[in-house]
Amino acid sequence: SSSSSSSSLSSSSPSSPSFTIDHSVCNIERRDDMTAEEFGHEFRNKKPVIIGNVNDNAHFARTVSLEALVDAYGAKTVVLSSSNTYSYDKAHMSLEQYVQTVVRHGVNLRDAANTTSYMFGDNYDPWLETLLEGYDRVHLGNDDDQALSFGIGGHLSGVPFHLHGGGYSEVLHGCKRWFLYPEGVTPEFQPDETALTWVAKRAHAGDIRDELLQCTIKPGEVLYFPSEWYHATLNIGPTVFVSSFIREASL
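Just so you know, the working numbering puts 118 at position 115 of the sequence shown, and the rest follows in order with no gaps.
The structure is reproduced here in C-alpha cells:
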C-alpha cells in the first residue's frame with residue numbers, strides 16, 4: 004500500500020540529489036462510507052478529506068489502463084498542457100506517442116515545468132466524452148453539476164502550486180501525492196519549477212509552511228479539495244486519473 008511505504012524518487016541526472024517521500028506521512032483525514040450529510044457538515048468548503056467506498060470504478064479502471072487506452076485510442080490526437088502553474092502552452096500528439104515517449108520517460112530534476120508536457124484538461128473530443136460516461140462520479144450532495152477532466156502522467160510528473168474551484172480527484176492507476184495549503188495561505192514556489200523540484204528543494208529540506216497538508220492517494224480513494232486552496236500534485240509511477248470539478252453554483 005502506498006500509504007505505508009517509502010518511494011525512492013531518484014533523478015536520472017547523476018549530479019542530482021536522491022531523496023525519498025515517506026508515504027506514511029499523511030495529515031489529511033481518511034473516511035470510509037461517509038454520508039452526504041457528514042460530508043456537508045464536516046468538509047465541504049472547509050478542508051480536504053480522502054474518501055473510500057464512495058464510488059466503484061473497478062470496471063472503468065480496466066478500460067483506462069495504459070495498454071487498453073493505446074489499443075483503443077492510440078491514433079487519437081490529445082492536447083498537452085505545460086506543467087507549470089499557468090499551463091498556457093499547448094502541444095498536440097497522438098495518444099500512443101504521448102504514452103510511449105512522455106509518460107514512459109517521466110520527469111527528472113533537470114526538467115522545467117514550462118517545457119514539460121502533461122495530458123490533463125483541454126481534451127473534449129467525443130471519444131473521451133464517451134469514455135468518461137463509464138466513470139462512476141462521486142455524489143455527496145450539492146455537487147451534481149460537475150466537469151470531468153481525464154489525465155495521464157508519467158512518473159514524477161505533476162503540477163506546481165495553483166488555484167481553482169473545488170472538486171474531487173481519483174487515481175485509477177498509479178498514485179498521486181497531494182500538497183495543499185488552506186485558503187488564504189500562499190506557499191513559496193516558482194511557477195515554472197516542477198512539482199518534483201519543489202519537493203526536492205523545499206519539502207525534503209523542511210522549507211515549508213506549517214499549514215501544509217499532504218498525503219498520497221491510491222486507486223480506490225477519492226480526495227476532495229476545497230475551492231481556492233493552493234495545491235500541487237506529484238504522480239508516483241505512470242498515473243491515470245480523473246478530476247471532477249464542482250461548478251460554483253453547486254457549492
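All residues carry an ideal CB built from backbone N, CA and C; glycine is no exception.
According to DSSP, simplified to helix, strand and coil, what is residue i?
{"i": "Pro129", "result": "helix"}
{"i": "Thr80", "result": "strand"}
{"i": "Thr38", "result": "coil"}
{"i": "Gln103", "result": "helix"}
{"i": "Ala61", "result": "helix"}
{"i": "Val162", "result": "strand"}
{"i": "Thr200", "result": "helix"}
{"i": "Leu216", "result": "strand"}
{"i": "Lys93", "result": "strand"}
{"i": "Leu254", "result": "Any answer about Leu254 is weak, because its pLDDT of 45 lies below 50 and its placement is not dependable; what the coordinates show is given next. Correct three-state label for Leu254: coil."}
Let me know if residue i comes out buried or exposed under the rule of 16 or more other beta-carbons within 10 Å of its beta-carbon.
{"i": "Asp114", "result": "buried"}
{"i": "Phe191", "result": "The question names Phe, but residue 191 is Glu in the sequence shown. Per the 10 Å Cβ criterion, exposed."}
{"i": "Asn38", "result": "In the sequence on display, residue 38 carries Thr and not Asn. Label assigned to Thr38: exposed."}
{"i": "Glu196", "result": "buried"}
{"i": "Leu159", "result": "buried"}
{"i": "Ala61", "result": "exposed"}
{"i": "Ser166", "result": "In the sequence as presented, Ser is not what sits at residue 166; that position holds Leu. Classification for Leu166: exposed."}
{"i": "Tyr121", "result": "buried"}
{"i": "Thr119", "result": "buried"}
{"i": "Glu136", "result": "exposed"}
{"i": "Gly157", "result": "buried"}
{"i": "Tyr184", "result": "buried"}
{"i": "Asn238", "result": "buried"}
{"i": "Glu173", "result": "buried"}
Within its chain, find whatever has a CB closer than 8 Å to the CB of residue i; leave out the 5 residues flanking it on each side and keep chain order.
{"i": "Glu99", "result": "Val73, Gly77, Ala78"}
{"i": "Arg205", "result": "Glu191, Phe192, Ile211"}
{"i": "Leu71", "result": "Correcting the residue identity first, residue 71 is Ala in this sequence and not Leu. Only Arg65 meet the Cβ criterion."}
{"i": "Leu69", "result": "Val102, Val106, Ile155, His176, Pro241, Val243"}
{"i": "Val188", "result": "Arg212, Glu214, Tyr233"}
{"i": "Pro17", "result": "Confidence in Pro17 is poor, its pLDDT being 32 and thus under 50, which makes the residue's placement too unreliable to answer from."}
{"i": "Ser4", "result": "At Ser4 the pLDDT is 36, less than 50, meaning the model places this residue with poor confidence; the figure from the coordinates comes in the next sentence. Only Lys221 meet the Cβ criterion."}
{"i": "Glu224", "result": "Arg33, Ile53, Ile54, Gly55, Glu173, Val174"}
Sorted by chain position, which residues of the same chain lie with C-beta nearer than 7 Å to residue i's C-beta, five sequence neighbours on each side aside?
{"i": "Ser247", "result": "Arg140, Val141, Gln149, Leu151, Gly170, Tyr171"}
{"i": "Ala235", "result": "Gly161, Val162, Pro163, Phe164, Phe182, Ala198, Trp201"}
{"i": "Asn117", "result": "Ser85, Asn87, Asp92, Asp195"}
{"i": "Val82", "result": "Lys93, His95, Asp125, Asn126"}
{"i": "Leu12", "result": "At Leu12 the pLDDT is 46, less than 50, meaning the model places this residue with poor confidence; the figure from the coordinates comes in the next sentence. Contacts found: Phe22, Thr23, Ile24, Leu159."}
{"i": "Gly168", "result": "Ser230, Phe248, Ile249, Glu251"}
Who are the near neighbours of residue i in its chain, counting only those whose CB is closer than 6 Å to its CB and skipping five residues on each side?
{"i": "Asn58", "result": "Asp139, Val141"}
{"i": "Asp92", "result": "Ser85"}
{"i": "Pro20", "result": "With a pLDDT of 48 at Pro20, under the threshold of 50, the predicted position of this residue should be treated as unreliable, though the coordinate-derived value follows. Within the same chain, Pro20 has no close Cβ partners at all."}
{"i": "Val243", "result": "Val67, Ile155, Leu175, His176"}
{"i": "Ile31", "result": "Pro51, Ile53, Leu216, Cys218"}
{"i": "Asn56", "result": "Asp35, Asp36"}
{"i": "Cys178", "result": "Ser5, Thr219, Lys221, Ile239"}
What does DSSP give as the partner residue(s) for residue i in the beta ladder?
{"i": "Gln149", "result": "Ile249"}
{"i": "Ile53", "result": "Arg33, Leu226"}
{"i": "Phe244", "result": "Gly154, Val174"}
{"i": "Asn238", "result": "Lys179"}
{"i": "His142", "result": "Paired residues: none, contrary to the question."}
{"i": "Ser120", "result": "Ser85"}
For this session: Say whether the segment 120 to 133 touches the segment 222 to 233, bearing in mind that this needs 3 or more beta-carbon pairs closer than 8 Å, one atom from each stretch.
Result: no
Exercise. Three or more beta-carbon pairs under 8 Å between the segment 106 to 121 and the segment 22 to 36, yes or no?
Worked result: no
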